[in-house]
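Colleague: Supplied in structure tokens, the structure appears directly below.
Residue numbers (this note's numbering), protein chains in the order written: chain A, 434 to 799; chain B, 632 to 889.
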């Protein structure tokens, strides 16, 4: 199977996944195109660029600087701010203030040092200790990828928690739901990786709490505040998606033998394969576009264009698409609503609703 | 003050008239001494006008101390291995305020080079704090004249050092008759992370902060002292002079889990 995936990718090294990429996998579990591209380790950003549909996102330098400076504030003086928050939030006893900077051993040993420290903490059941700059690993589709959480894992009463520090603000107890959801998905990846590590060391993986601590600036100041976020749902989605990646052969079965997404980069690394040919190859694998993709997937613009051309109901968002079950395109839905199209078998109910909606609209416009 | 200004202006006008008369009479000696008086009167007028304005912060006198002396000054106040941000904050609150973070980036490396080139030539070196792996702790600066136990870190040490530095900042504030605004803000920022040190949004009281910090310190003190003594003894046994100050390159992680 790996040979098949290598052929899909072409003669370039597989692209490693980071936590954001893995989290994005969980954002749209139904998309076969994304699952396949990720399993093969295709550089989606380059592909999208070559096709003429560069993704509209990427973190700005300002956002990165802001995020880093906020993280420093939270972690400085032996996590003094974080300690205050956790004492309030989790009733952390005063005696539990340990702090270990995993990075102190040097970059090449960070992963094994993280492993050793977590093992010792799990065995001795000692006092709470923060682990700053840990390095975790996760196996994705047969490749080990290293996750560098900008987070601190810590232990209280024998349970490990993941702390995720984000620089979007919580105003009056409310944060933007999309950003919280993205943070939760990312934290879920770390929970999963830490659980994998504990399981690998022979400890119970339930010792990693499914509640992550999300630390954000409060209101308009730089003062941090913390909240517990339950990531069980994200974990479940992520698990399912990762097993799908390993069972990617079922996706491969329906594809023609010679299919490849190879960009055939020349000596200077510039793709030489005609964009049309790559687009043709990609269209063999069904995508499941949703407007959410615009914030998570490099291929979003390409898929949106495709969905527009075919007039798919996907464009209208997941909720509308699910309500229009059985109606495949926007044109068909409009036809049903205006009565120019006879509902096929099984479409009677949705056709009645659409016609009702159309009548209401007419009345409003009159 | 306006009265003296008025008097000065009168005097200046008078002196000008006298200078004019002296020049007209070609009495050069008198003219020169009158011009001297005029200049002095004008300077006095300048000073009197300027006295009413608050001194702008930019006019704080530029520090004559080199960067490493300023860092040393801040470290002496804090008394524990401290991060660059903290050193800059203390310098800002109590001293010249001219220290900037980027000036400190290569400081430790320069000190290490100087020490390796000519050991113990300086009265003190700005060195690293050692972790329990005996490697240099990231971003912390310490003073080489401190006893080894103070320059190493156990798992509890970051918290203990934070409490100690908060106490020392508070102690300094207690002893000042008119502490600067920046110093109070620094204390407030530190105190809000110590349980029982501040109530709500009120300004931090130095005495309360010291009491609260001492209360928490008592919980960690014994364990921390034992851990630090162990690391310091290990450093003393295993490391060379330069490594004892600037840390060793980590070659192994914890044993027992692979």
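Think of the CB as a built atom: it goes at the ideal place given N, C-alpha and C, for glycine as much as any other residue.
1. What are the start and end residues of the alpha helix (DSSP H) that includes residue 533 (chain A)?
2. Buried or exposed for residue 774 (chain B), going by 16 or more other Cβ atoms inside 10 Å?
3. Determine, for residue 510 (chain A), whether the minimum Cβ-Cβ distance to residues of chain B falls below 8 Å.
4. Check for me: the beta strand (DSSP E) holding residue 570 (chain A) runs from which residue to which?
5. Run through the region 631-691 of chain A for me and flag every whole alpha helix (DSSP H) of 4 or more residues, listed as ranges in chain order.
6. Determine, using beta carbons only, whether residue 717 (chain B) comes closer than 8 Å to chain A.
7. Near residue 771 (chain A), which residues of its chain fall below 7 Å by C-beta distance, leaving aside the five closest residues on each side in sequence?
8. For residue 697 (chain A), does the three-state DSSP call read helix, strand or coil?
9. Just to confirm the assignment, what range does the beta strand (DSSP E) spanning residue 592 (chain A) have?
10. Looking only at its own chain, which residues have a Cβ that is under 6 Å from the Cβ of residue 448 (chain A), when we skip the five neighbours before and after it?
11. In chain order, what residues of the same chain lie with their CB nearer than 6 Å to the CB of residue 719 (chain B), ignoring the 5 residues before and after it?
12. Helix, strand or coil: how does DSSP classify residue 762 (chain A) here?
13. Please work out which residues of its chain come closer than 7 Å, Cβ to Cβ, to residue 780 (chain B), disregarding the five sequence neighbours upstream and downstream, and give them in chain order.
14. Helix, strand or coil for residue 580 (chain A)? Go by DSSP, reduced to three states.
15. Under a CB-based cut-off of 8 Å, is residue 623 (chain A) close to chain B?
16. For the region 526-555 of chain A, list every residue whose C-beta sits within 8 Å of some C-beta in chain B, in sequence order.
17. Using a Cβ-Cβ cutoff of less than 6 Å, which residues in the same chain neighbour residue 875 (chain B) once the five nearest sequence positions on both sides are dropped?
18. Got a sec, what are the start and stop residues for the beta strand (DSSP E) residue 601 (chain A) sits in?
19. Quick check: residue 507 (chain A) and residue 598 (chain A), are their CB atoms within less than 8 Å of each other?
20. Determine whether the Cβ of residue 850 (chain B) lies closer than 8 Å to any Cβ atom of chain A.
21. State yes or no: is the beta carbon of residue 640 (chain A) nearer than 8 Å to at least one beta carbon in chain B?
22. Taking the C-alpha atoms as reference points, what is the distance between residue 800 (chain B) and residue 658 (chain A)?
23. Between A:589, A:607, A:618, A:785, which lies nearest to residue 640 (chain A) when the distance is taken from Cα to Cα?
24. Give a yes or no on whether 8 Å exceeds the smallest Cβ distance from residue 727 (chain B) to chain A.
25. Between residue 659 (chain A) and chain B, is any beta-carbon pair separated by less than 8 Å?
26. Residues in the same chain with beta-carbon distance under 6 Å from residue 889 (chain B), minus the five sequence neighbours each way, listed in chain order, please.
27. Taking only runs that begin and end inside the region 632-714 of chain B, name each unbroken alpha helix (DSSP H) of 4 or more residues, in chain order.
28. The beta strand (DSSP E) spanning residue 772 (chain B) covers which residue range?
29. Go through its chain and collect everything with a Cβ distance to residue 883 (chain B)'s Cβ below 6 Å, but skip five positions before and after it.
30. Please compile the residues from chain C whose C-beta is within a distance smaller than 9 Å of the C-beta of residue 626 (chain A).
31. In chain A, what lies closer than 8 Å to residue 917 (chain B) by C-beta?
32. Going by other Cβ atoms of all chains shown within 10 Å of its Cβ, with 16 needed for buried, is residue 733 (chain A) buried or exposed?
33. On a Cα-Cα basis, can you pick out the residue from A:467, A:701, A:563 that is closest to residue 723 (chain A)?
34. By how many angstroms is the C-alpha of residue 592 (chain A) removed from the C-alpha of residue 526 (chain A)?
35. Run the CB neighbour count on residue 807 (chain B), radius 10 Å, all protein chains shown included, and call it buried at 16 or more, exposed below.
36. At a CB-CB cut-off below 8 Å, which residues of chain A make contact with residue 697 (chain B)?
Modeller: According to the structure shown:
1. Per DSSP, residue 533 (chain A) belongs to no alpha helix (DSSP H); it is in the beta strand (DSSP E), 531-534.
2. Buried, by the Cβ-count rule.
3. Using a Cβ-Cβ cut-off of 8 Å, residue 510 (chain A) counts as an interface residue toward chain B, since at least one Cβ of chain B sits closer than that to its own.
4. Start and end: 569-573.
5. As far as the region 631-691 of chain A is concerned, its whole alpha helix (DSSP H) runs of at least 4 residues are 665-679, 682-686.
6. At least one chain A Cβ lies under 8 Å of residue 717 (chain B).
7. The answer, listed in chain order, is 791.
8. The three-state secondary structure of residue 697 (chain A), taken from DSSP, is coil.
9. First-last of the beta strand (DSSP E) with residue 592 (chain A): 592-598.
10. For residue 448 (chain A), where only same-chain residues beyond five positions count, the Cβ hits under 6 Å are 474, 476.
11. Answer for residue 719 (chain B): 730, 732, listed in chain order.
12. In the three-state scheme derived from DSSP, where H, G and I count as helix and E and B as strand, residue 762 (chain A) is classed as strand.
13. Answer for residue 780 (chain B): 859, 860, 863, listed in chain order.
14. Reduced to three states, the DSSP call for residue 580 (chain A) is strand.
15. Chain B, which has no Cβ nearer than 8 Å to the Cβ of residue 623 (chain A), makes this no.
16. Shown in chain order are the members of the region 526-555 of chain A whose Cβ falls below 8 Å from a Cβ of chain B: 527, 528, 530, 531, 532, 533, 534, 536, 537, 538, 539, 542, 545, 546, 548, 549, 550, 552, 553.
17. Counting only Cβ-Cβ distances below 6 Å, and skipping sequence neighbours, we find 866.
18. Taken as a continuous stretch (DSSP letters only), residue 601 (chain A) belongs to no beta strand (DSSP E), as it is neither H nor E.
19. A contact, by the Cβ cut-off of 8 Å.
20. Yes, residue 850 (chain B) counts as interfacial toward chain A.
21. So, not an interface residue.
22. Taking the straight line from one Cα to the other gives about 25 Å.
23. With distances taken between CA atoms, residue 640 (chain A) lies nearest to A:589 out of A:589, A:607, A:618, A:785.
24. Not closer than 8 Å to any Cβ of chain A, the Cβ of residue 727 (chain B) fails to qualify, so no.
25. Among the CB atoms of chain B, none fall inside 8 Å of the CB of residue 659 (chain A).
26. Bear in mind that a pLDDT of 35 at residue 889 (chain B), under 50, signals an unreliable position, so the number given afterwards is only what the model happens to contain. Cβ neighbours of residue 889 (chain B) beyond the five flanking positions: none.
27. Within the region 632-714 of chain B, the runs of alpha helix (DSSP H) that reach at least 4 residues and sit entirely inside it are, in chain order, 633-655, 659-682, 698-709.
28. Note, residue 772 (chain B): beta strand (DSSP E), 771-774.
29. Confidence in residue 883 (chain B) is poor, its pLDDT being 49 and thus under 50, which makes the residue's placement unreliable; the coordinate value appears in the next sentence. None.
30. Note that chain C does not occur in the displayed structure, where the protein chains are A and B.
31. This structure does not reach residue 917 (chain B), given that chain B is present from 632 up to 889, and the question cannot be answered.
32. Counting Cβ neighbours within 10 Å, residue 733 (chain A) comes out buried, since at least 16 surround it.
33. Nearest in C-alpha terms to residue 723 (chain A), of all of A:467, A:701, A:563, is A:467.
34. C-alpha of residue 526 (chain A) to C-alpha of residue 592 (chain A): approximately 14 Å in a straight line.
35. With fewer than 16 other Cβ atoms within 10 Å, it is exposed.
36. Per Cβ cutoff of 8 Å: no residues; residue 697 (chain B) is ~26 Å from chain A at best.
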